[in-house]
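Yeah, the sequence shown ends on 214 if you go by our numbering, and it's all consecutive. Every residue, glycine too, gets a C-beta built ideally from N, C-alpha and C. Note that the structure is a prediction, hence the values are computed from the model and not measured.
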Amino acid sequence: MFVLLESSDRAFIEHLQNRLSGRGINCLVSELGTTADGQPHFAIQLPLYSQMAQARTLLYRSWAFAADVHPEFLDALRQLRHEPHSQLMRWLTSPWALRASAIGFGLVLLSYALEALLR
């Protein structure tokens with residue numbers, strides 16, 4: 096079984112599972128355990144990895160799938176879709192990435208200065 100999505104909101108997970116099943120994705124909801132604060136934690140699991148790409152496309156990109164989601168869960172779906180973009184921005188603005196950019200920029204400036212001196 097392959098985990099597509101995890102959440103502590105059972106209604107949201109079950110609704111997404113229902114919508115994915117309606118689109119031909121073979122998936123089921125299972126309880127993974129409890130969170131640190133004692134809340135139950137649920138997951139959408141797929142038995143076939145070959146359906147994972149299609150399920151991710153529906154969850155993260157498909158406007159038709161988003162239009163099919165109940166309005167009660169639209170904010171949670173928007174937040175879910177925005178999460179990868181936020182993660183990318185955190186990586187790009189991390190101290191390590193900024194240091195690597197500064198070193199690269201410094202090397203470019205140094206090479207331009209050396210090239211100008213050698214002419």
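- In this structure, DSSP gives VAL203 a helical state, which the three-state scheme calls helix.
- Here ARG176 is exposed, its C-beta having fewer than 16 other C-beta atoms within 10 Å.
- The alpha-carbon of LEU99 is positioned some 18 Å away from that of HIS180.
- With contacts defined by Cβ atoms closer than 8 Å, LEU127 and GLU101 form a contacting pair.
- For THR188, the secondary structure class from DSSP, reduced to helix, strand or coil, is coil.
- With respect to ALA150, ASP104 sits apart: the two C-beta atoms are not nearer than 8 Å.
- Secondary-structure assignment with DSSP links ILE139 through a beta bridge to LEU100, VAL124.
- Taking the C-beta atoms as reference points, LEU143 is found no nearer than 8 Å to ASN113.
- In the displayed model, THR130 falls within coil according to three-state DSSP, outside both helix and strand.
- In the DSSP annotation of this structure, the continuous segment of the alpha helix (DSSP H) that includes HIS110 starts and ends at 105 to 117.
- Per DSSP, PHE160 is one residue of the alpha helix (DSSP H) stretching across 158 to 163.
- Approximately 59 Å separates the beta-carbon atoms of PHE160 and ARG214; this is outside 8 Å, ruling out the contact.
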